[in-house]
Amino acid sequence: MTLATSPAAVEKFSSAYANADQAKSPAWLSDTRKKAWSIFSELGIPVKRRGNELWKYTNLAPVAESNFEYDVSGSVSIDQVRSTSPWDYTWNIAVVVDGRFNADLSNLTEDVGVSVGSLSDAFSSGSGDIESQFASLAGREEYAFTALNTAFASDGAYVAVAPGVNLVNPVQVIFVTSDSVQSRASYPRLLVDVGSDSSITLIETYVNLSPSRQLSVPVTEIFAARDAAVRHYRIQMENENSFHLATTRVAQMEDSEFTSTSFAVGSSIARNDIHTSLDAPGAVCTLHGLYMTSGQQQQDQEISTTHAKPSCTSDQFYKGILSGNSRAAFSGKVVVKRDAQKSDATQKDLNLLLSRGARIDAKPSLEIYADDVVAAHGATAGHVDSDTLFYLQSRGVDEEAAKAILIRGFAEEMIDEFEPESLNTFVERVASERIPVLLAESDTIGTT
Amino acid sequence: MTNQKTISRETDLSGQEYQWGFVTDVETDLAPKGLSEDIVRLISSKKDEPAWLLEWRLKAYRHWVQLSDSEGEPDWAMIDYPSIDYQDIYYYAAPKAATEAPKSLDDVDPEMLATFEKLGIPLQERAKLAGVAVDAVFDSVSVATTMEEQLGELGIIFCSFSEAVKKYPELVKKYLGSVVPYTDNFFATLNAAVFSDGSFAYIPPGVRCPIELMTYFRINTEGSGQFERTLIVADKGAYVSYLEGCTAPFRKSHQLHAATVELVALDDAEIKYSTIQNWFPGTPEGEGGVYNFVTKRGRADKNAKISWTQVETGSAITWKYPSVILRGDNSVGEFFSVALANNHQQADTGTKMIHIGKNTKSTIVSKGISAGQGNNTYRGQVQIMPGAENAVNHTQCDSLLVGDQCGAHTVPYIEVRNPTARLEHEASTSKVSDDQLFYLMARGLSEEEAHHMIITGWSRDVIRELPFEFALEAGQLLKVSLEGAVG
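Spelled out as structure tokens, the structure:
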């Protein structure tokens, strides 16, 4: 696919790229970064939508037109982080500010068998398979935002779990955007290497301390070795003026399990682009998520799974609640390759529209090249009708409470998936603060 | 102008179970190969067209030149084919005898009638017995239309497009390009420039067309394209059921078919459009076959209903999305489809339902069967515009895989801009289950018979939407087209 080049946008990033600190980069990383930059400078910000399946429903012109600073790491207090993010002192927590790992703010525990720390250190010490792993998943396709992130990659977080280790306490990586400059571009990067027969609960959190427009282009790569189990959570709550264009790439080996639930409420334009590659027989992946939008927000879910080998299972299930003049796009894709017999794939996207101005574009697609396959998908869009509302009201619930109950009920099964107690409390709280905002902008509940 | 005798080549390409691959030995009136403004003018003058139509064709041609210089053919479909040389195609091929229009069936070239006999079209007496009025399009010129008089008594017009241009220019002018404008897409633009004939039907207000109208298309001349244009107008409260069948002889070269169909259902009218498409699919090795790039769209006004039913078993490539613009309040759109891709066939087909009016409803049932090395894609779009209060859509698309070298893809686009709409989309992909096969084989059916029975049953939701005679043919076609795919 050719993405339209917007030379102006490339120009906006090129001086920052020229000034970016390459001093501490090992030679292999400098090469990777150079290659990534040349890919990005060819692609630019994909502003052309016509004929571009990836951005058909999303207008990136505001991103291309904005100016961002780079390479200024702001200061953030521990209270600011704790009050905006899920927090639990039993968790192993890495805090990354404006793309830089910050040891002082982090809560690194002594858990055995796991190393949580700075990506920069991992680069310089050549931890594990970092040289062969880094940018290997997120560099497979020529995609503007993974290239942009890689071109600036100098730090971030690195999580490695040794083989045969079952971690009890979750590991959280918090990516914070500070408020020290008006508009900043940051490139959060996370690499997770989970050894065979290991298990980990991993929480990725994106928060924004600034009220002004920021650009965040995160890239996460996760490697799940044979029999590894990864329980992944992703929380995106950047401010409503910001852009969040995220990519997650997962490679799964034999009998590994990757289960992910995402909770996306923030940003002006946000994209959660996740791709899992089931590279060996018996791999299982579950990709779930909840998105809630209001105002002028645009929230995209770009969810894809490739069944490369036989006997793998995948499940994509997303729910959206839209109010105000917001928009959401769901693009789900399951590819079952020729040899991937005995594949089992499901795909579902359900949407609740609360207002006249809201708009949903859903594209659940299947691409299947093997015959011994069970694949099903479904998508729905609808609103809360008067009968449903009346049912609750006739049982003595007042109208406003009834509306809140119905919306909460729709979101419930996703919220319940956030299992660690402190995390669940946090998500519950954010959701319950969010529902009145959605309701205030709603004009169609119970109208027909 | 060249006169060319077509040569029977079916003996060249044996081993393919395509029963309709005979070539009729008719003298053909051919325009030189290639596309230019002169060819467009030639086609128009051959048909003795009025100036406004020539003007329209020329506008389309100029737009097409612009399109082919800038974007070229649309490339979003999941089909793969060598690029088409538009200068290597005959844009006009008429059976020579037909240059002097037949006054009755007796004047029609007997060899051509024999062709239709082979096709099993109930043309002459058989037409009346079967109660079907046929407008048979052979290459590009409409050969004979039956039962025209009987229909005339009800005020129903059913004739070739060229005839309609001469006899009913006001109607044609009013509706031509009103649903598919000449700027619509690459292939529709090409069709608008060079269309040579097709069918025209007009049902006056409140009239229920008592018989099923039918057109049979056949591509005969080697290296020719067929660019027919069909326009059906059901005036207020009218009803018509229209059948379309297509075949083409064996050719090692590819033949291009870029047709346009426009349906207009005014207030309270209903149009039911059924297609059996059995163009030559190419040899099992993937040689030859028809490239079928077709634009079909209907406009449904207040309380109107448009229903598309298609059984697509032929063509090397099928690129076709019969659509309904649900413009009027309470209008209804339906799409029922069985598409089969065997051997090296590629089908990228589906529908678009554009909900504009209030309380509009659409139903989509699509069944895709992939076998051999075939690739079958359902591509559909359901769009709910802001004014479409209480719109309802239900989409079901199922894919069946026969063999491990084929592909089945589903690409639905669901775009909702009105919160009161209710949309449901369901799809599944599976193979014929071993349990079902075992059950049938245990009762004495061969594996092939068992497969056929399961596939026919699985497609029943669509087949039963077809008029009776067509339903029988569709069942047979599925069976023939799947031969050799099992075991």
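Chains as they are written, first to last, in this note's numbering: chain Y, 1 to 448; chain S, 1001 to 1487.
The C-beta atom is built at its ideal place from N, Cα and C for all residues, glycine as well.
Remember, predicted model here, so these are calculated numbers, not experimental data.
Residues bridged to Y/Lys333 [DSSP beta-bridge criterion]: The partner list for Y/Lys333 (beta bridge, DSSP) reads Y/Ser304 and Y/Ser365.
Interface residues of chain S facing Y/Leu353 [CB-CB closer than 9 angstroms]: Val1416, Asn1418, Pro1419, Thr1420 and Ala1421
First through last residue of the alpha helix (DSSP H) which encompasses S/Gly1475: Phe1468 to Leu1482
S/Met1453, DSSP secondary structure in three states: helix
Test item: CB-CB of Y/Phe101 and Y/Gly117 under 8 angstroms: With a cutoff of 8 angstroms on beta-carbon distance, Y/Phe101 and Y/Gly117 are scored as near each other.
Test item: CB-CB of S/Val1365 and S/Val1402 under 8 angstroms: no
Strand pairing of S/Cys1159, partner residues [DSSP]: S/Phe1200
Range of the contiguous alpha helix (DSSP H) that encloses Y/Phe152: Per DSSP, Y/Phe152 belongs to no alpha helix (DSSP H) and is neither H nor E.
Distance, Y/Trp55 Cα to S/Lys1361 Cα: 29 angstroms
Top-ranked residue by Cα proximity to Y/Gln299, from Y/Gly282, Y/Ala308 and Y/Ile269: Y/Ile269
is_contact[Y/Ala94, chain S] using C-beta, thresh 8 angstroms: no
C-beta atoms of Y/Ala238 and Y/Tyr206 nearer than 8 angstroms: For the record, residue 238 of chain Y in the displayed sequence is Glu; it is not Ala. Result yes, Cβ atoms of Y/Glu238 and Y/Tyr206 sit closer than 8 angstroms.
Contact with chain S by Y/Tyr369, beta-carbon distance below 8 angstroms: yes
For S/Gly944, the three-state DSSP class (helix, strand or coil): The question about residue 944 of chain S has no answer, for chain S in this structure spans 1001 to 1487.
Nearest-angstrom beta carbon gap, S/Tyr1291 and S/Leu1256 [assumed within contact, 8 angstroms]: 5 angstroms
Inter-residue Cα distance where the pair is S/Glu1212 and S/Leu1478: 23 angstroms
Any chain Y beta carbon closer than 8 angstroms to S/Glu1262: So no, S/Glu1262 is outside the interface.
Proximal residues to S/Ala1193 (C-beta, below 6 angstroms), its chain only, five neighbours per side dropped: Around S/Ala1193: Val1040, Arg1057, Ala1060, Tyr1061 and Trp1064.
Cutoff 8 angstroms: S/Leu1231 Cβ touching any chain Y Cβ: With 8 angstroms as the cut-off, S/Leu1231 does not count as an interface residue toward chain Y.
For S/Ala1427, three-class secondary structure by DSSP: strand
Chain S contact residues for Y/Arg359, given Cβ-Cβ distances below 7 angstroms: Val1416 and Arg1417
Below-8 angstroms beta-carbon distance, Y/Lys342 vs any chain S residue: no
Three-way DSSP call (helix, strand, coil) for Y/Tyr187 in this model: coil
Neighbouring residues, chain Y, relative to S/Cys1406 (Cβ below 8 angstroms): Tyr369 and Asp371
Identity of the residues DSSP links to S/Ala1234 by a beta bridge: Here S/Ala1234 is bridged, per DSSP, to S/Ile1203 and S/Ala1265.
CB contact flag (Y/Ser331, Y/Leu278, <8 angstroms): no
Residue ranges of each beta strand (DSSP E) within the segment 193-260 of chain Y, 3 or longer: Runs of beta strand (DSSP E) with 3 or more residues, each lying fully within the segment 193-260 of chain Y, are found at 199-208, 219-224, 229-237 and 243-252, listed in chain order.
Local Cβ density within 10 Å of S/Tyr1170, reported as buried at 16 or more and exposed below that: Position check: residue 1170 of chain S holds Glu in this sequence, whereas Tyr was assumed. Classification of S/Glu1170: exposed, given that the 10 Å Cβ count is below 16.
Within-8 angstroms CB hit, S/His1063 to chain Y: no
Contact list for the segment 1429-1447 of chain S against chain Y, Cβ threshold 7 angstroms: Within the segment 1429-1447 of chain S, the residues whose Cβ lies closer than 7 angstroms to some Cβ of chain Y are Thr1429, Ser1430 and Lys1431, listed in chain order.
Start and end residues, beta strand (DSSP E) containing S/Pro1412: Gly1407 to Val1416
Contact belief for S/Val1338 with S/Val1261 at Cβ below 8 angstroms, rounded distance in angstroms: Between S/Val1261 and S/Val1338 the Cβ distance is about 18 angstroms, and since that is not below 8 angstroms, they are no contact.
Rounded Cβ spacing between Y/Thr346 and Y/Ala376 (contact assumed at less than 8 angstroms): Contact flag correct, Cβ pair sits at about 5 angstroms.
Where the alpha helix (DSSP H) through Y/Thr450 begins and ends: Shown here, chain Y extends from 1 to 448; a query on residue 450 of chain Y therefore has no answer.
Cβ-Cβ distance between Y/Leu191 and Y/Gln236 below 8 angstroms: no
is_contact[Y/Val437, chain S] using C-beta, thresh 8 angstroms: no
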